[in-house]
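Chains as they are written, first to last, in our numbering: chain A, 1 to 161; chain B, 1 to 411. Note that beta-carbon positions come from the ideal geometry of N, C-alpha and C, so glycine has one too. Just so you know, these numbers come straight off a predicted model, no measurement behind them. Written out below as structure tokens is the structure these notes cover.
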Amino acid sequence: MDADSEVALDILITNVVCVFRTRCHLNLRKIALEGANVIYKRDVGKVLMKLRKPRITATIWSSGKVICTGATSEEEAKLGARRLARSLQKLGFQVIFTDFKVVNVLAVCNMPFEIRLPEFTKSNRPHASYEPELHPAVCYRMKALRATLQIFSTGSVTVTG
Amino acid sequence: MAARGSCPACGSAALVEDAHYAQQQLVCAACGCVLAEGLLTTTYTEEEHLREVAYSQSTGQKEQLSRCLQRGIRRVQDLCKVLHLPTMFEETAVSYFQRALQHPSFHLVSLEKKELLGGCCIFVTCRQHNWPLTMGTICSLLYAKQELFASVYLSLQKELGLSVPALSLVDLVKTHLNSFRLFQQAADIPAPFVEDKEKMVARTMQIVELASETWLVTGRHPVPIVTAAAFLSWQSLQPAARLTCTFARFCKLAGVDLPPPAHLRLKELLDILLRMASQLAWLRVFNMDRKTVVKHIGDLLQHRIFLLKNAFCLEDEEEQHDAAPGEGSPGSPPAAQEEGCPSEGKRQHEDSPRPLLPPCLINPRKRLRTAALSSSDSAITGNEPISDSEIEQYLRGPEEIRAFRKAKAWP
């Protein structure tokens, strides 16, 4: 492809994962009883709480660590995390919203051409790894950006990191 | 103490045993001549509590290798013997295994994973020497789940920084066909089904090369493709007797597993062959279908480069028109640069060339992707104030809590 090609590639962010801490112990039973849209997984010791807007699923541990997944942008992730902290405050916990960090962003992009994976792997040897017996895509790791790309033969590229 | 004998110097018979410091000596009492000296060390019988020490124990040889490592190395060596691998492979695999076990990320893993680690080292060694060994074979030898094997293999590759070349399909064809039972007469195999190994291997390799040129191999598991190609080549070598035999029966007679995707690969291969057959002059008059095209696979493979060019639309339209039959001209489209046929309307007609695309693009699955962000969403900063009413929807009311508690009977 030419460097100044006119084809614009649409990169769509499909998932943003973030974490934050509430700096207080959370009673999972109370959250499961008094919170709506919650699933209590007693065997692993966590509660799943789903928010409607933004569409987020939060995993809450009793230590006060919370992981939020499902947002489609970093700002949305922060808003959802704050909403969740606020809900926990309303439930009666002394929640302080701290250590918010975006941990992972997943994006998808489609190339307008197909890719021959074996030849691609050969010419990008140390970064690309292709195991057709395990996964139909090439795994390309960019150490500098700490990103992993999954490249499919259809031209679809998934970026994680 | 008196002792027998006479002194050689003066001839006196007065010999006494006397200790000079710790050393026993036989001395002539008359002239003082020393006749004999004892050993400085104690005798064996006096050392009752000390016994002979084995060399390996005194040098600590055995203690250097832990029991787990010894067991693992023995297992690696046994696997190499079962697979009939050369000695060099065994040494390389054992060295990888020792390196891996010393690595902190593998030192404390479960015993199950340590066993798989040995298998992974052998797998890596074979791939580095282009010895076609599939993960399925190793997993079946280790009675391991493929997911667990895959995770151990990927972490081994990452931690030791090993570069593992791709599996060569051509070599895999030879190894896979070695396990087929159709090359010799047997009680349960009808006579017309027995085939010559060299011919079958050669034709299967040609079909597998055709598959890799037409996007059927990229991104797919290699074994089902090889199995489907073997079936087609076997059928085409004696179509009269073998066309009625099904794929499942073929695999049962050959004594190999029929992997589930193999049926789809077979269908895709037959579609490609049908397209090619439509371009061969003496086959155009016939009404070809998936059964009848098998009889002409030999001809199609002989002219496959020319037929591929004509049957499928490539980058340059001109190449189609002055395509010369022959093996010299490049047949496969250039990597990563191919685009769809410019005249999309032609897709509707069966005879006109269609673009050479992967099957998943020809029959795309409908995928729902969320639309681009609306304008209101894009204005989110993350720090907006949150009103109480928004939060109320996520909390249960007191009556609800009471009812819930009663229903669940929670303490």
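Can you name the residues of chain A whose CB is closer than 8 Å to the CB of residue i?
i: residue 163 of chain B; result: 125, 126
i: residue 382 of chain B; result: 74, 75, 76, 77, 78, 79, 82
i: residue 405 of chain B; result: 33
i: residue 357 of chain B; result: 114
Determine, using beta carbons only, whether residue i comes closer than 7 Å to chain A.
i: residue 394 of chain B; result: yes
i: residue 175 of chain B; result: no
i: residue 438 of chain B; result: The question about residue 438 of chain B has no answer, for chain B in this structure spans 1 to 411.
i: residue 80 of chain B; result: no
i: residue 126 of chain B; result: no
i: residue 269 of chain B; result: no
i: residue 360 of chain B; result: yes
i: residue 241 of chain B; result: no
Rank the options by C-alpha distance to the C-alpha of residue i and give the top, closest one.
i: residue 99 of chain A; options: A:110, A:113, A:82; result: A:82
i: residue 420 of chain B; options: B:29, B:18, B:274, B:129; result: Shown here, chain B extends from 1 to 411; a query on residue 420 of chain B therefore has no answer.
i: residue 129 of chain B; options: B:88, B:255, B:23, B:271; result: B:88
i: residue 197 of chain B; options: B:79, B:178, B:212, B:172; result: B:178
i: residue 239 of chain B; options: B:275, B:256, B:218, B:290; result: B:290
i: residue 32 of chain B; options: B:189, B:11, B:111; result: B:11
i: residue 203 of chain B; options: B:221, B:253, B:173, B:93; result: B:173
i: residue 26 of chain A; options: A:137, A:156, A:94; result: A:94
i: residue 43 of chain A; options: A:35, A:89, A:29; result: A:29
i: residue 67 of chain B; options: B:98, B:83, B:126; result: B:98
i: residue 64 of chain A; options: A:78, A:80, A:46; result: A:46
i: residue 86 of chain A; options: B:385, B:269, B:406; result: B:385
Once the 5 residues before and after residue i are set aside, which same chain residues still bring their CB inside 8 Å of it?
i: residue 52 of chain A; result: 37
i: residue 73 of chain A; result: 13, 16
i: residue 371 of chain B; result: No answer about residue 371 of chain B holds up, because its pLDDT of 49 lies below 50 and its placement is not dependable.
i: residue 280 of chain B; result: 296, 299, 300, 303, 307
i: residue 171 of chain B; result: 130, 131, 132
i: residue 248 of chain B; result: 258
i: residue 29 of chain B; result: 12, 14, 15, 16
i: residue 185 of chain B; result: 191, 194
i: residue 41 of chain A; result: 47, 48
List, in chain order, every chain A residue whose beta-carbon is nearer than 7 Å to that of residue i.
i: residue 134 of chain B; result: 133
i: residue 281 of chain B; result: Chain A residues near residue 281 of chain B: none, gap ~30 Å exceeds 7 Å.
i: residue 228 of chain B; result: Going along chain A, no residue has its Cβ under 7 Å from residue 228 of chain B, so there is no contact; the nearest lies around 15 Å.
i: residue 150 of chain B; result: 134
Can you list, in chain order, the residues of its chain whose CB lies under 6 Å from that of residue i, leaving out five sequence neighbours each side?
i: residue 304 of chain B; result: 210
i: residue 34 of chain B; result: 25, 27
i: residue 348 of chain B; result: At residue 348 of chain B the pLDDT is 38, less than 50, meaning the model places this residue with poor confidence and gives no usable figure here.
i: residue 107 of chain A; result: 11, 13, 159
i: residue 124 of chain B; result: 162, 164
i: residue 376 of chain B; result: Any reading at residue 376 of chain B is ruled out, since the residue's pLDDT is 48, under 50, leaving its predicted position unreliable.
i: residue 88 of chain A; result: 95
i: residue 39 of chain A; result: 48
Along chain B, which residues have their Cβ under 8 Å away from the Cβ of residue i?
i: residue 97 of chain A; result: Under the 8 Å cutoff, chain B gives no residues; its nearest Cβ is about 11 Å from residue 97 of chain A.
i: residue 51 of chain A; result: 394
Counting only beta-carbon atoms, is residue i nearer than 7 Å to chain B?
i: residue 62 of chain A; result: no
i: residue 145 of chain A; result: no
i: residue 55 of chain A; result: no
i: residue 9 of chain A; result: no
Give every residue of the same chain whose Cβ lies closer than 7 Å to the Cβ of residue i, excluding the five residues on either side of it in the sequence, and list them in chain order.
i: residue 199 of chain B; result: 237
i: residue 9 of chain A; result: 109
i: residue 13 of chain B; result: 6
i: residue 75 of chain B; result: 115, 118
i: residue 141 of chain A; result: 127, 148
i: residue 294 of chain B; result: 232, 235, 236, 239, 243
i: residue 143 of chain A; result: none
By the criterion of Cβ-Cβ separation under 7 Å, what are the contact partners of residue i in chain B?
i: residue 130 of chain A; result: 166
i: residue 86 of chain A; result: 386, 391
i: residue 28 of chain A; result: Per Cβ cutoff of 7 Å: no residues; residue 28 of chain A is ~12 Å from chain B at best.
i: residue 117 of chain A; result: 218, 219
i: residue 121 of chain A; result: 166
Run down chain B in chain order and give the residues with a C-beta less than 9 Å from the C-beta of residue i.
i: residue 36 of chain A; result: 393, 394, 395, 396, 400
i: residue 90 of chain A; result: 388, 391, 392, 394, 395
i: residue 58 of chain A; result: Chain B residues near residue 58 of chain A: none, gap ~11 Å exceeds 9 Å.
i: residue 137 of chain A; result: 219
Show which residues of chain C have a CB atom less than 7 Å away from the CB atom of residue i.
i: residue 152 of chain A; result: Reference to chain C is not applicable here, since the protein chains of this structure are A and B.
Is the closest heavy atom of the ligand FMN to the C-beta of residue i under 6 Å?
i: residue 262 of chain B; result: Looking at this structure, you won't find the ligand FMN or any other ligand, since it has none at all.
Count the CB pairs spanning the region 147-166 of chain B and the region 121-133 of chain A that are closer than 8 Å, and state whether there are at least three. yes
Report yes or no: do three or more beta-carbon pairs, one from the region 91-103 of chain A and one from the region 17-37 of chain A, lie closer than 8 Å? yes
Three Cβ pairs or more, each shorter than 8 Å: is that satisfied between the region 256-265 of chain B and the region 220-231 of chain B? yes
Looking at C-beta atoms only, is the number of pairs between the region 112-123 of chain A and the region 45-63 of chain A that lie closer than 8 Å three or more? no
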